[in-house]
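In what follows, a structure is listed as structure tokens, so that the remarks can point back to it.
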Amino acid sequence: GLSIVQLIKIEGNRVTIEGIDVLNGTPLIDIKPYVPSFDIKDVTAVGWLENRQEQVVSSKSDGRFISGQQQD
503 GLSIVQLIKI EGNRVTIEGI DVLNGTPLID IKPYVPSFDI KDVTAVGWLE NRQEQVVSSK
563 SDGRFISGQQ QD
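Position 8 of the sequence shown, counted from 1, bears residue number 510 in the numbering used here, the numbering being contiguous throughout.
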């Protein structure tokens, strides 16, 4: 996936960012600068969520992505 994030700080070999939509521990594979002429998308799509948007407000996490929580 592609996320456009905010760079918070760089310390040695560590980069701190905000605004990424991943689970904790997900490796960050590549970092590129933000270039508006390439990175602004005129067309967006919600993909797999397209026909399930009504479930967003009525569904809750089943806990499988948070360690220590059990599924119901």
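Backbone N, C-alpha and C fix where the C-beta goes; we use that ideal spot for every residue, glycine too.
Across which residues does DSSP place R516 in a beta bridge pair? Position 14 of the sequence shown, counted from the first residue, corresponds to residue 516. E513, per the DSSP bridge assignment.
Flag this pair as yes or no: are the beta carbons of G521 and V507 separated by less than 7 Å? Locating residue 521 in the sequence shown gives position 19, counting from the first residue. Locating residue 507 in the sequence shown gives position 5, counting from the first residue. The answer is yes: Cβ separation under 7 Å.
Near D523, what residues of its chain come up, given a Cβ to Cβ distance below 8 Å and the 5 sequence neighbours on each side ignored? The residue given as residue 523 occupies position 21 in the sequence shown. For D523, where only same-chain residues beyond five positions count, the Cβ hits under 8 Å are G503 and S505.
Going by DSSP, what residue range makes up the alpha helix (DSSP H) through S539? Along the sequence shown, one-based indexing puts residue 539 at 37. Looking at the DSSP string, the run of the alpha helix (DSSP H) that includes S539 is P538 to D541.
I believe I510 touches T518 by the beta-carbon criterion, under 8 Å. Please report the beta-carbon distance rounded to the nearest angstrom. Locating residue 510 in the sequence shown gives position 8, where the first residue counts as 1. Locating residue 518 in the sequence shown gives position 16, where the first residue counts as 1. Yes, I510 and T518 are in contact; Cβ-Cβ is about 4 Å, under 8 Å.
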